[in-house]
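With the numbering used here applied, the sequence shown corresponds to residues 36 to 1038, in that order.
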Amino acid sequence: MDTPLARLLPLFLLPAILAAAPPPLPAQAPGTTGTATAGPVEQHPEWDAPYTRLIRQATTAPQFSTPMVDHLPASATVPTPLAFLGYIAGAPDRLTYAEDVHAYMRALAAASPRVRVFSIGRSEEGREMVAVAVADEATIASLDRYREITERLSDPRRVSEAEAQALIAEGKPIYWLTGAMHSPETGSPEMLMELAYRLAVEDTPMVRAIRANVITLITPVLEVDGRDRMVDLVRWHQANPGSPMPPLAYWGHYAGHDNNRDTLGLGLALTRNVLKAFFDWHPQVLHDLHESIPFLYISTGTGPYNAWLDPLTIAEFSRMADLEVQELTAMGLPGVWTHGFYDGWSPNYMFWVGMGHNAIGRFYETFGNLLPSTEDRTVRGWSERAWFRPNPPLPAVRWSLRNNVNYQESGALLALADMAGNRTHFLEQYWTLGKRAVAKARTEGPAAYVFDGAQKRQGQLRDLARLLQSDGIEVQVADKAFAVAPLWPPATVARAGDDGKAGGGRPPEKRPPSGSEPVSFAPGSLIVRMDQPYSRLADALLDTQYVRGDERVYDDSGWTLGFARNVKFRRIVNPDVLAVPMHPWREGGSAAVALKGAALAVANDADTDLVRLRTALPGARILVALEAINGPRPWPAGTVLLPLGGADTAALGKALAALNLRTETLASMPPVATRELIVPRIAILHTWLSTQQEGWFRLAFEDLGIPYAYISTQQVAAEPDLRAKYDVIVFPPADASPQEIVDGLPPGPPLPWKKTALTPNLGVDSTDDMRPGLGVGGVASLARFVEHGGLLITVQDTARWAVEFGLVRWVKVLDTPKLKASGSLMRAVVTDRASPIAWGYDDSVPVYFDGAPVFRVGAFARTEHEPARPSGRGGVDDPDVPQGRPYVGPPERPTPAPGEEGFQPPEDFRAFAAAYLPQPADRPRVIAAFPKKADEILLSGMLEGGDEIAGKAVVVDAPLGRGHVLLFACNPMSRVSTQGTYALVTNAIFNFDRLGLGWPPAK
């Protein structure tokens, strides 16, 4: 390997930088907050003097720049951003639309043989995303060869050691920089235009070395839809200086900040485009540019680090961060630091497109102002010195967009110089990480994950296999039935007597592993082998997670994809599984069904494919059985029946061929009660406070083909008869308190969100003023909607709103001071199998729970825990025995009958309680609840204080008039990753007018 840059820098990089450095800028007096004075640029004819002067003017103090970026080289043929756009990168009050950023990059490519621009896809709204390659002329002319080299190095099974070393010697590593993922973080597209120009034009030793040894790949705008909306808002604000700027209600078409949480579901176009481009280039580093904290944070994280990463990966991103912190600090930049922000745990961030594929994923956070203005900023806590931040940001600062550009560009140049000085190291490390990933199956394990081929929910299993394949993970299919001992969990060591420490105790006693008995799997079972290049990503996605309650996690704690999709899987450590005959999985639907007979029965397995069948055949007559079907093969209530007489069997056969459903043709229609399975009139409701969460619901509905209207709380408040328009209203999480949902934004000047000549990109919905909320009139309108037979579905904070604003009775939201459950997968017990909402589910279902809300259902506020025994004889579990009489123990508490839990009158006040007891038909119906034992709740992630949620309701169906309010404590449609709970929503929607089936329970 090459000499690490930490040793190389004194010989290579710093002299080159200093040789090209200008005379020092005039020092600023202490406490001065004005902009810097332009330096004597005329001494350097190789510089672009007007551009350099504007850089100096836009930088608020010399200490916020470095000799690498305080000037711009001149070119007689290649346009600068100033020449093309009319302003420099980081100019005050100027931001560039994505299309214009791309136009500038294409102008660079047209003027320089060192630049090429590639289209990598389009957004949901049709805007283009690009990747810009910059290197020397010879490298650009041979890009296909260098891409071939990194592609071959990505799979060590196809290349011998000798071939790999030859490829490493010939190849050039690729460093991919991406900007503007988060639309309010506005500086990176401006910086990346200037960086591309600098790399193409500058003739310093450092930049020549970068061009000769590195292929720099630049995507200046990831979230192109949101970028254009943000520029629109800046233009509106500049045209209306006396008014507050409207909040950025929509970033992308579906997601806001969560567009950086999509690598588990791949639901967004930007994620899929980045993933596809990654496989086109196989870069060795993927580097996202963000803006949130001062002045430059270089990612490593506080931990816990993802447990499935190769230690070499962690060591490498730590080395890179430490090097950049050291060098930038040596250049005089204040506030460059690492470690103390973000954790490193979840694989749902965009840079995991690199991290999960044996590249290094990393990000910067620089100090942004939101607006491209120069502002006086107070830093406070971030300016405190710490062991990881010995050179903290200043506590107060005058900050400009150009300062932001200086920090980003200086760091990026150092990172590129690191790669240039360690060219073969980055390629060899990429190759080595792939080799170690292939060896994983027989070293640390596991050997494979197996999904039984005979299980239900084959549609969700197919979608999971497709997702894994999209990630480059190989999925195999077992050719025949097989049995293998998982050898997991492993053997445990138990000590008899004392703890076995030195000086006493008996020797350890080895217990056999609980996975030593063979487990049988059906033909067609899916096998994800761990002897493949991306085994670490597969392991991270499919394994279970455990996070201690005292850890500071930045996002979700648990994400196990098998649980999230409610499919059964086994972790197999035994390498014998690798010898099972198998072949690569290819997507396909069910085997052809002979559509002869009176009807086709289709199982309701709580599988998303059942919804796709309904929406794929909008004109077909489809029935649902309201009771069990008896016969040679019994079918439960909720089974779907398609009468074949007069049906379009060609269309039905085509739809079935694309799906994976359990079916059976019936000679005659079963003599059971049925109803038409129609697609009701559905609306998805959003606030103007935040559209972050509801976008994922829209995306899920569109993926399933479910039509919906899109309405705001303001429209609800203005609509006197919602029931005339809609059967079902879905109110996803609003990221707001109940009071905020009702009140909206504070009163003030109107905050418009609509397309105009000044703001042509403002969608997805529109309003003249974002301020008004639902209001008490809107609450009343929704209550009338439900009372007249509608279904209102509420989730997390909107469920809390429904409780606190009186749409639901006999449900209380509990305070849980001990509970820690950050974004985890929990077990929920299905408590009412008779409800149509639960059709197709087994005894339990994994649910995504983020710590709130916690519901208690019932009319009487009985204490949550048994009273502690009084001080007395015996131990804590012994009964207290009064003296002087025979012992009489307390009676056992009666077990509540179905539907009675929480509605049992206090035993000593039955007569007084009768007036407060609701009729059985009016009571909330608990469809699913957490297990009553706290140690049975957690499946994957974090849970501390589980006794505070043990036995509490997760899904509640609350009758109101002729309709229903459905409460979810979990999020059933979280980030297009929780398909296992989609059916809780879709069952309710498609049976909105039959939710009273089986209620109240028979005595």
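Cβ coordinates follow ideal geometry from the N, Cα and C atoms, glycine included. It should be emphasised that the depicted structure is a prediction, and the values quoted were computed from it without experimental measurement.
{"Item": "Name, in chain order, the residues that DSSP records as bridge partners for isoleucine 664.", "Value": "Trp670"}
{"Item": "How would you label asparagine 1026, buried or exposed, when you count the other beta carbons within 10 angstroms and need 16 or more for buried?", "Value": "buried"}
{"Item": "Around the Cβ of arginine 1029, are there at least 16 other Cβ atoms within 10 angstroms (buried) or fewer (exposed)?", "Value": "exposed"}
{"Item": "Considering Cα atoms alone, identify which of Pro914, Val864 and Phe598 is closest to isoleucine 984.", "Value": "Val864"}
{"Item": "Suppose only complete runs of 3+ residues qualify. What are the beta strand (DSSP E) ranges in the region 873-955, listed by chain order?", "Value": "879-884 and 890-892"}
{"Item": "Considering only C-alpha positions, which residue in the set Gln727, Leu677 and Leu661 is nearest to alanine 869?", "Value": "Leu661"}
{"Item": "Return the Cβ separation of aspartate 992 and proline 959 in integer angstroms, given the expectation that the two are a contact with Cβ distance under 8 Å.", "Value": "7 Å"}
{"Item": "On the three-pair Cβ rule with 8 Å, is the region 682-696 touching the region 633-649?", "Value": "yes"}
{"Item": "If you draw a straight line from the C-alpha of aspartate 915 to the C-alpha of arginine 928, how long is it?", "Value": "18 Å"}
{"Item": "With DSSP as the reference, label lysine 760 as helix, strand or coil.", "Value": "coil"}
{"Item": "Quick check on the DSSP output: what are the complete beta strand (DSSP E) runs of length 3 or more inside the region 808-863, in order along the chain?", "Value": "826-830 and 846-848"}
{"Item": "Going by CA-CA distance only, name the one from Pro671, Pro553, Pro481 and Val659 that's closest to leucine 577.", "Value": "Pro481"}
{"Item": "Identify whether tyrosine 332 lies in helix, strand or coil by the three-state DSSP scheme.", "Value": "strand"}
{"Item": "Using three-state DSSP, classify histidine 374 as helix, strand or coil.", "Value": "coil"}
{"Item": "Compare the Cα-Cα distances from valine 821 to each of His999, Pro653 and Ala887 and report the closest residue.", "Value": "His999"}
{"Item": "May I ask you to verify whether the region 727-734 touches the region 778-797, counting CB pairs closer than 8 Å and requiring at least 3?", "Value": "no"}
{"Item": "Apart from the five residues just before and just after proline 558, which ones in its own chain have a Cβ nearer than 8 Å to its Cβ?", "Value": "Gly488, Ala513, Asp514, Lys515 and Ala516"}
{"Item": "Would you say the region 426-444 touches the region 298-315, given that touching needs at least three Cβ pairs under 8 Å?", "Value": "no"}
{"Item": "Measuring alpha carbon to alpha carbon, tell me which residue in Val236, Ala636, Gly996 and Pro881 is nearest glutamate 971.", "Value": "Pro881"}
{"Item": "Between the beta-carbon of tryptophan 731 and the beta-carbon of proline 807, is there less than 9 Å?", "Value": "no"}
{"Item": "Within 8 Å, do at least three Cβ pairs link the region 651-660 to the region 609-622?", "Value": "no"}
{"Item": "By the three-class DSSP mapping on this structure, what secondary structure does tyrosine 86 have?", "Value": "helix"}
{"Item": "Spell out a yes or no on whether the region 84-103 and the region 364-383 are touching, meaning 3 or more CB-CB pairs, one atom from each, closer than 8 Å.", "Value": "yes"}
{"Item": "At a cut of 8 Å, does the region 183-190 reach the region 257-269 through at least three beta carbon pairs?", "Value": "no"}
{"Item": "The alpha helix (DSSP H) with glutamine 495 in it runs from where to where?", "Value": "493-505"}
{"Item": "Keeping to the same chain, check which residues put their C-beta closer than 6 Å to that of leucine 299; ignore five residues upstream and five downstream.", "Value": "Asn383, Trp594 and Ser1012"}
{"Item": "Look at the alpha carbon of leucine 561 and the alpha carbon of leucine 230, and state the distance between them as a whole number of angstroms.", "Value": "46 Å"}
{"Item": "Who are arginine 91's beta bridge partners in DSSP?", "Value": "For arginine 91, which the question treats as bridged, DSSP gives no partner whatsoever."}
{"Item": "Assign tyrosine 484 to buried or exposed, taking buried as 16 or more other Cβ atoms, counted over all protein chains shown, within 10 Å of its Cβ.", "Value": "buried"}
{"Item": "Given a cut-off of 9 Å on the beta-carbon distance, is the pair alanine 1004 and alanine 1018 in contact?", "Value": "no"}
{"Item": "By alpha-carbon positions, which one of Leu849, Arg920, Leu310 and Arg862 ends up nearest to glycine 156?", "Value": "Leu310"}
{"Item": "With 16 as the cutoff for other CB atoms within 10 Å, does glycine 681 come out buried or exposed?", "Value": "exposed"}
{"Item": "Does proline 742 come out as helix, strand or coil in the three-state DSSP assignment?", "Value": "coil"}
{"Item": "Using the three-state DSSP reduction, which class does histidine 392 fall into: helix, strand or coil?", "Value": "coil"}
{"Item": "By alpha-carbon positions, which one of Gln831, Ser353 and Leu503 ends up nearest to alanine 771?", "Value": "Gln831"}
{"Item": "Starting from arginine 564, trace the beta strand (DSSP E) both ways and give me its first and last residue.", "Value": "561-564"}
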